[in-house]
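Quick note on my numbering: the sequence shown kicks off at 104 and runs consecutively. C-beta: ideal position from N, C-alpha, C; glycine also. Please read these numbers as outputs of a predicted model, since none were measured by experiment.
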Amino acid sequence: MNDLLERRPLTVVSNRLPISMAKDPEKGWEVSPSPGGLVTALDPVLKRQRGKWIGWIGTEADDEVQDVLARASEQYPYDLISVPLSEEDEQLYYRGYSNETVWPLFHDLIGYCKFERDTWERYKAINKRFAEYTARNIDPESIVWLHDYQLLAAGSYLREAGVSNPLLFFLHIPFPSPDLMRRLPQEEELIRSLISYDLLGFQTRRDRDNFVHCVCEVFPDIGIREREEYTTLFIGDRRVNAGNWPISIDYTEFYAHTKSKEVADAAWLFHEHFPNQRIILGIDRLDYTKGIPERFQAFELFLEKYPEMHGKVILYQVLVPSRTHVPDYQNLKHLIESEVGRINGKFSQAQWVPIHYAYRSLGRMDLLAHYRAAEVALVTPLRDGMNLVAKEYCTSCVDNRGVLILSKFAGAHDELGEHSLSVNPFDTERTADAIYQAITMPEEERVRRISALREQVKNNDVHRWVERILLASELMTD
Ligand code: GDG
104 MNDLLERRPL TVVSNRLPIS MAKDPEKGWE VSPSPGGLVT ALDPVLKRQR GKWIGWIGTE
164 ADDEVQDVLA RASEQYPYDL ISVPLSEEDE QLYYRGYSNE TVWPLFHDLI GYCKFERDTW
224 ERYKAINKRF AEYTARNIDP ESIVWLHDYQ LLAAGSYLRE AGVSNPLLFF LHIPFPSPDL
284 MRRLPQEEEL IRSLISYDLL GFQTRRDRDN FVHCVCEVFP DIGIREREEY TTLFIGDRRV
344 NAGNWPISID YTEFYAHTKS KEVADAAWLF HEHFPNQRII LGIDRLDYTK GIPERFQAFE
404 LFLEKYPEMH GKVILYQVLV PSRTHVPDYQ NLKHLIESEV GRINGKFSQA QWVPIHYAYR
464 SLGRMDLLAH YRAAEVALVT PLRDGMNLVA KEYCTSCVDN RGVLILSKFA GAHDELGEHS
524 LSVNPFDTER TADAIYQAIT MPEEERVRRI SALREQVKNN DVHRWVERIL LASELMTD
């Protein structure tokens with residue numbers, strides 16, 4: 104890491120703090136790391152860097168909760184500052200506008216979008232609250248780095264609160280095309296807020312270009328300068344930079360842990376439950392963007408087209424519970440479970456059940472063991488900002504046997520598309536054939552592809568991601 108960056112404090116602001124709390128009736132409050140891609144990516148970085156993380160703890164923060172949080176913070180090498188949210192705030196700002204308006208719209212799934220005034224009003228109010236807590240807690244010289252779709256409106260409020268620090272924003276999900284963005288009644292307010300940041304980071308070149316085009320729709324007379332690394336927009340007296348920096352994982356840590364004896368043993372044990380069968384793995388948060396029903400249809404067609412595979416291949420699908428209060432997610436869970444039952448009912452034999460389904464979060468060691476034991480990973484989202492599971496799987500194939508089947512609509516496809524089996528998840532037939540190709544792929548081709556994929560992740564790990572973004576911010580503020 105560059106010296107300049109090491110010296111500069113960093114404040115990260117995101118909807119959730121990197122820990123969450125739950126009250127056990129017997130043991131009292133328990134604190135645990137929060138699940139999800141953002142924490143996976145930023146935790147190793149903030150552990151090295153001085154600074155603060157500002158966010159919501161995930162529950163109503165009374166005095167007792169604040170005490171537990173203060174004690175938990177002592178164990179962290181950086182400060183944790185909680186922004187309080189009430190039950191109603193959570194309902195309207197988080198479950199409402201963030202997850203029922205922005206999330207589906209930005210993933211091109213407009214059919215799931217709800218456009219409601221009260222959720223928008225609360226979204227603005229909470230973004231303002233995040234901005235105020237940030238303004239109160241930052242050091243004058245610190246870089247302030249906000250994250251993700253829950254805080255699109257915070258930029259304007261930060262500037263209104265007098266914050267003149269360099270402001271960075273990273274969007275973890277895709278940025279929609281102008282055609283889609285135009286449907287959002289609050290398009291102009293959100294774009295105005297986003298241009299309050301000095302530097303905006305996106306996962307892919309397409310997201311960066313979509314953002315630039317959307318800004319041009321709202322401000323037709325702006326100046327634009329294109330550079331390889333980022334685009335600079337000149338809007339009145341403001342200069343706003345937008346780049347694409349794909350997020351990644353802590354490759355070295357991930358690889359070393361997966362190679363360990365304990366993971367090797369756990370992987371062996373896991374595989375022993377399915378003797379003489381090849382394991383195809385799916386690991387996803389339960390979300391309609393991840394394309395699970397479509398994946399099951401492709402697997403079903405694979406079983407229909409290639410009956411010689413019966414008894415030899417299983418699909419092991421882990422679904423991590425997510426947004427369990429949102430009706431669309433509850434409906435999706437029911438649909439998935441009925442599909443598992445239907446497909447298993449159609450094909451199962453005495454010694455073989457084709458789909459194994461686990462609805463829970465795996466412990467870290469089990470997660471790595473699943474990756475290591477699987478001969479194929481099916482990563483087939485309908486749309487995804489990046490998809491860290493794809494990168495984790497490639498890294499975990501320490502025995503060089505894995506094949507990655509990857510959706511064209513995952514951000515990770517820009518980096519991993521060439522050496523994976525690239526599929527359109529809406530194309531059931533070709534996805535089914537890709538499963539067959541993966542299972543029957545000659546050893547030499549598997550090794551060549553997975554080695555190239557691992558190398559790609561190794562050379563572009565999460566430390567490089569952070570360095571590139573912070574370096575870009577330094578170049579622009581000097
Ligand atoms: C958002 C964007 C973007 C999953 N199951 C278990 C488990 N996980 C961990 C994985 C991975 C993370 O959760 C999931 O990351 P993804 O990137 O796949 O997906 P999102 O949560 O939707 O993340 C996404 C990301 O932000 C980062 O920018 O890539 O596009 O949607 O790290 O390992 N972890 C454990 N048990 C599980 O069962 N311990």
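Report yes if the C-beta distance between residue i and residue j is below 8 Å; otherwise report no.
| i | j | result |
| --- | --- | --- |
| residue 251 | residue 274 | yes |
| residue 311 | residue 334 | yes |
| residue 230 | residue 247 | no |
| residue 353 | residue 506 | no |
| residue 439 | residue 422 | yes |
| residue 204 | residue 358 | no |
| residue 183 | residue 261 | no |
| residue 522 | residue 486 | no |
| residue 479 | residue 383 | yes |
| residue 398 | residue 528 | yes |
| residue 583 | residue 264 | Only positions 104 to 581 of the chain appear in the structure, and residue 583 is not among them; the question remains open. |
| residue 313 | residue 279 | yes |
| residue 245 | residue 114 | yes |
| residue 542 | residue 412 | yes |
| residue 217 | residue 351 | no |
| residue 242 | residue 112 | yes |
| residue 464 | residue 503 | no |
| residue 385 | residue 484 | no |
| residue 452 | residue 518 | no |
| residue 232 | residue 259 | no |
Assuming residue i and residue j form a contact by the criterion Cβ under 8 Å, report the distance between their Cβ atoms to the nearest whole angstrom.
| i | j | result |
| --- | --- | --- |
| residue 272 | residue 300 | 4 Å |
| residue 537 | residue 524 | 4 Å |
| residue 253 | residue 514 | Between residue 514 and residue 253 the Cβ distance is about 19 Å, and since that is not below 8 Å, they are no contact. |
| residue 346 | residue 332 | 6 Å |
| residue 510 | residue 482 | 6 Å |
| residue 210 | residue 288 | Their Cβ separation, rounded to whole angstroms, is 18 Å, which puts residue 210 and residue 288 out of contact at 8 Å. |
| residue 441 | residue 389 | Actually they are not in contact, since the Cβ atoms of residue 441 and residue 389 sit about 14 Å apart, beyond 8 Å. |
| residue 134 | residue 171 | 7 Å |
| residue 181 | residue 156 | 6 Å |
| residue 361 | residue 142 | Not a contact, Cβ separation roughly 19 Å. |
| residue 199 | residue 219 | 7 Å |
| residue 303 | residue 116 | With a Cβ gap of about 14 Å, residue 303 and residue 116 do not count as contacting. |
In terms of DSSP beta bridges, what is residue i paired with?
| i | result |
| --- | --- |
| residue 248 | 115 and 271 |
| residue 525 | 509 |
| residue 333 | 346 |
| residue 123 | 135 |
| residue 481 | 508 |
| residue 421 | 386 and 461 |
| residue 338 | 341 |
| residue 59 | Lying before the first or after the last residue shown, residue 59 is absent from the chain, which here runs from 104 to 581. |
| residue 185 | 158 |
| residue 328 | 335 |
| residue 487 | 513 |
| residue 452 | 455 |
| residue 404 | In the DSSP output, where bridge partners are listed per residue, residue 404 has none listed. |
| residue 381 | 416 |
| residue 305 | 347 |
Under 8 Å between C-beta atoms, does residue i make it to chain B?
| i | result |
| --- | --- |
| residue 196 | This model lacks chain B altogether, as it is built from one protein chain only. |
Legend entry - Given 8 Å, three or more beta-carbon pairs between the stretch 367–375 and the stretch 189–205: no
Legend entry - Cβ contact check for the stretch 120–132 and the stretch 151–167: 3 or more pairs under 8 Å: yes
Inset, instruction - Check whether the stretch 463–475 touches the stretch 517–535, taking contact to mean three or more Cβ pairs, one atom from each stretch, closer than 8 Å. - result: no
Legend entry - At least three beta-carbon pairs within less than 8 Å, the stretch 445–463 to the stretch 395–409: yes
Inset, instruction - Spell out a yes or no on whether the stretch 317–325 and the stretch 454–461 are touching, meaning 3 or more CB-CB pairs, one atom from each, closer than 8 Å. - result: no
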